[in-house]
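Participant: Supplied in structure tokens, the structure appears directly below.
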Amino acid sequence: MFTMKKVLFKAPLLFVALMGMTLVGCKKGSDRNVSSATGWRINSKEGGFQYNTKFKEQETAPGLVFVEGGTFTMGQVQDDVMRDWNNTPTQQHVQSFYMDETEVTNLMYMEHLDWLKQVYPPDDPQYKNIYLGALPDTLVWRNSLGYNETMVTNYLRHPAYAEYPVVGVNWVQAVQFSNWRTNRVNELMLEKSGFIEKK
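Residues -22 to -1, 1 to 177 (mature numbering (1 follows the signal peptide of the UniProt record, and there is no 0)) make up the sequence shown, in order.
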């Protein structure tokens, strides 16, 4: 049973212990140019370990947003009521990446097709399948319950649909478009920096 005397006796001891921990935790902040591991100076003019504290982050390409990486648990994380144990939870790591703000539009994809046509002319027999292989499948608009022939013939190239999402692109075409876009953005950055000549 607690008595008032015991509580009054232990209260000052608890207060002193808390103050001691607070003072130890609030010691003087470490100098940024001193190693917290060894105590040696970092970035000293006399030499030693040099660490770059002034850096620029990667420039975000037009129309992209940065998605921060992280970890998540994949699999069943709640109680398994049926006791199946067929979905064991595992921790997964996802690296940071860039993603489009919006869907890829018909105009963007037409730019890709135009570039392919200039670099790999379809009238040249050795290149004819490159351009044809990049064309999206416009037959996705065909439906037995509706009349969508105008969409089949006009959706990709008509100016009214320029800002609409491109449809009928398969996985291979999407990967090729992504690679093309990455290379074109990097090529433009190299031109602006003067590493390669403008075309």
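No residue lacks a Cβ here, since even glycine has one placed at the ideal position from N, Cα and C.
With distances taken from CA atoms, which of Gly48, Met60, Met86 and Glu81 is nearest residue 203?
Facilitator: What is shown of the chain runs -22 to 177, which leaves residue 203 out entirely.
Participant: Please return the same chain residues whose Cβ sits closer than 8 Å to the Cβ of Leu168, not counting the five positions on each side in sequence.
Facilitator: Counting from one through the sequence shown, the residue named residue 168 turns up at place 190. Ile174.
Participant: Would you report the Cα separation of Gly53 and Glu46, rounded to the nearest angstrom?
Facilitator: Here residue 53 is taken as the residue at index 75 of the sequence shown, counted from 1. Here residue 46 is taken as the residue at index 68 of the sequence shown, counted from 1. Approximately 21 Å, taken between the alpha carbons.
Participant: Which stretch, first to last residue, makes up the alpha helix (DSSP H) that contains Tyr76?
Facilitator: For this step, residue 76 is matched to residue 98 along the sequence shown. It is not in any alpha helix (DSSP H) - Tyr76 instead sits in the beta strand (DSSP E) that spans Phe75 to Asp78.
Participant: Thr80 to Val145, Cα distance in whole Å?
Facilitator: To locate residue 80, count along the sequence shown from 1; it is residue 102. To locate residue 145, count along the sequence shown from 1; it is residue 167. Near 14 Å, if we compare the C-alpha coordinates of Val145 and Thr80.
Participant: Beta carbon of Glu127, beta carbon of Arg135: below 9 Å?
Facilitator: Within the sequence shown, the letter at position 149 stands for residue 127. Within the sequence shown, the letter at position 157 stands for residue 135. For Glu127 and Arg135, no; Cβs fall outside 9 Å.
Participant: Give, in chain order, every unbroken run of the beta strand (DSSP E) that is at least 3 residues long and sits entirely within the region 17 to 77.
Facilitator: Complete beta strand (DSSP E) runs here, min 3: 42 to 45, 48 to 52 and 68 to 72.
Participant: Closest by CA to Asn161, which one among His90, Asn30 and Lys106?
Facilitator: By one-based count along the sequence shown, residue 161 stands at place 183. Checking every option, the nearest Cα to that of Asn161 belongs to His90.
Participant: Should Phe33 go down as buried or exposed, given a rule of 16 or more other Cβ atoms within 10 Å for buried?
Facilitator: The residue you call residue 33 lines up with position 55 of the sequence shown. Per the 10 Å Cβ criterion, exposed.
Participant: DSSP three-state label for Val12, please.
Facilitator: As a first step, residue 12 is located in the sequence shown; it is residue number 34 there, counting from the start. Reduced to three states, the DSSP call for Val12 is strand.
Participant: By DSSP's criteria, Thr83 is part of a beta bridge. Which residues make up the other side?
Facilitator: Residue 83 sits at position 105 when you count from the first residue of the sequence shown. Bridge partners of Thr83: Pro143.
Participant: Does the region 111 to 120 come close enough to the region 143 to 157 that 3 or more CB-CB pairs lie under 8 Å?
Facilitator: Yes, the region 143 to 157 is in contact with the region 111 to 120.
Participant: Among the residues of its own chain, which have a CB less than 8 Å from the CB of Met77, if the five just before and after it don't count?
Facilitator: On the sequence shown, residue 77 is found 99 positions in, with the first residue counted as 1. Contacts found: Leu42, Val43 and Val45.
Participant: For Arg159, is the classification buried or exposed, using 16 other Cβ atoms within 10 angstroms of its Cβ as the cut-off for buried?
Facilitator: Taking the first residue of the sequence shown as position 1, residue 159 is located at position 181. It counts as buried.
Participant: Could you please give me the residues that DSSP links to Gly124 through a beta bridge?
Facilitator: Mapped onto the sequence shown, residue 124 falls at position 146. Asn121.
Participant: Around the Cβ of Pro67, are there at least 16 other Cβ atoms within 10 angstroms (buried) or fewer (exposed)?
Facilitator: Position 89 of the sequence shown holds residue 67. Counting Cβ neighbours within 10 Å, Pro67 comes out exposed, since fewer than 16 surround it.
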